[in-house]
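Student:
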Amino acid sequence: VKATGRHADRFGGQLVLVTGAGSGIGRATAFAFAEAGARVVAVDRDAEAALRTAELARLIGAPQAWAETVDVSDEQAMEKLAEKVAAEYGVVDVLVNNAGIGLSGSFFDTTPEDWKKVLDVNLWGVIHGCRLFGKQMAERGQGGHIVNTASAAAYQPSKALPAYSASKAAVLMLSECLRAELAGQGIGVTAVCPGFVNTGITSTARFAGVDAEEEKRRQKRTARLYGLRNYPPEKVADAILRAVVRGEAVVPVTPEARAAHLMS
Ligand code: NAI
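For the sequence shown, the residue numbers in full-length UniProt numbering are 306 to 569.
1) On the three-pair Cβ rule with 8 Å, is the segment 430-439 touching the segment 395-403?
2) Nearest-angstrom Cα distance between A326 and P537?
3) Bridge partners of D349, per DSSP?
4) Within 10 Å of its beta-carbon, does V306 have 16 or more other beta-carbons around it, so buried, or fewer, so exposed?
5) Can you confirm whether the segment 408-423 touches the segment 356-367 when touching is taken to mean that 3 or more C-beta pairs between the two stretches lie within less than 8 Å?
6) Which term fits P462, buried or exposed, when burial requires 16 or more other beta carbons within 10 angstroms of its beta carbon?
7) Once the 5 residues before and after V555 are set aside, which same chain residues still bring their CB inside 6 Å of it?
8) S480: which of D349, K422, A459 sits nearest, CA to CA?
9) Can you confirm whether the segment 442-457 touches the segment 475-494 when touching is taken to mean that 3 or more C-beta pairs between the two stretches lie within less than 8 Å?
10) Under 7 Å from any heavy atom of the ligand NAI, does the C-beta of V502 make it?
11) Would you mind working out which of R344, V423, D349 sits nearest V396, comparing C-alpha positions?
12) Shorter than 7 Å, the distance from the beta carbon of A542 to the closest heavy atom of the ligand NAI, or not?
13) Using a Cβ-based criterion (distance less than 7 Å to any ligand heavy atom), does A354 qualify as near the ligand NAI?
14) Per DSSP, which one or two residues make a beta bridge with C498?
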């Protein structure tokens, strides 16, 4: 595990909460903030993975790091988390709503249950995070930053990803609306839009109806075309920290995501 080191001590003393911190982009982001001196709350529905991230975050440089086991789609659990974090660790300075699940499948092969599952995590998880922690930031009156992990799928149509893409398009627009609403209060909002990144999600995504092998071949073709086979999550983490520092609004990450964004 390697953090990038470009933001050394930039976030000293700040409290950063990352959801989906047990793996992939979330884990790399928690480590990058830890390396930059932040206190880190690693949230994941996978308890062991969250614990591992918190332990390593301390080793990497976080003065304090905690693990919280929460399903971000569970409104009551998120309310409890927000209360606990405020009472025990403080008001979050940087919130990274990153937890997400993948689902591939043509529109007519995607069942209502599939839609619900994807929207519950990818959209409602972000809504709960923004509502609860964003409110605490606004009430405190000292600014802050919210990063929502959307995806290049938010602006790049694909017949294999209707539910996932729709969930991410909603996250992108929600982020832009919230950015406008919170601008006067010194709270920034960023939508990060990665393309294909080598993480757990790309190997565990469910394939509803579409030929899994064909879908994997398609992803490989895209990756090969852009020389992206091994785009590391650490680079996305680096883009997230940079976006917070610069207050960027929409951040396409990976070359194909940037190309698609320019064309959208
Ligand atoms: P990953 O599968 O490696 O990590 C996701 C983490 O989120 C896991 O630790 C998982 O346990 C956790 N998680 C899933 N559902 C949860 C829930 N309901 N509550 C709490 N934790 C939950 O995936 P990856 O790639 O790191 O994904 C992170 C984010 O990046 C997701 O929102 C994903 O949609 C987005 N993304 C990923 C891309 C990629 O190519 N890997 C491309 C574009 C966006």
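Backbone N, C-alpha and C fix where the C-beta goes; we use that ideal spot for every residue, glycine too. Since this is a predicted model, take the numbers as computed values, not measurements.
Tutor: Concretely, from the data shown:
1) Contact between the segment 430-439 and the segment 395-403 is present, because at least three Cβ pairs lie under 8 Å.
2) 15 Å
3) According to DSSP, which records beta bridges pairwise, D349 is partnered with T374.
4) In this prediction, V306 has a pLDDT of 41, which is less than 50 and means its spatial position is unreliable; what the coordinates show is noted afterwards. By the 10 Å Cβ count, V306 comes out exposed.
5) no
6) exposed
7) A496
8) A459
9) yes
10) yes
11) R344
12) For A542, the shortest separation between its Cβ and any heavy atom of the ligand NAI does not lie below 7 Å.
13) yes
14) P557
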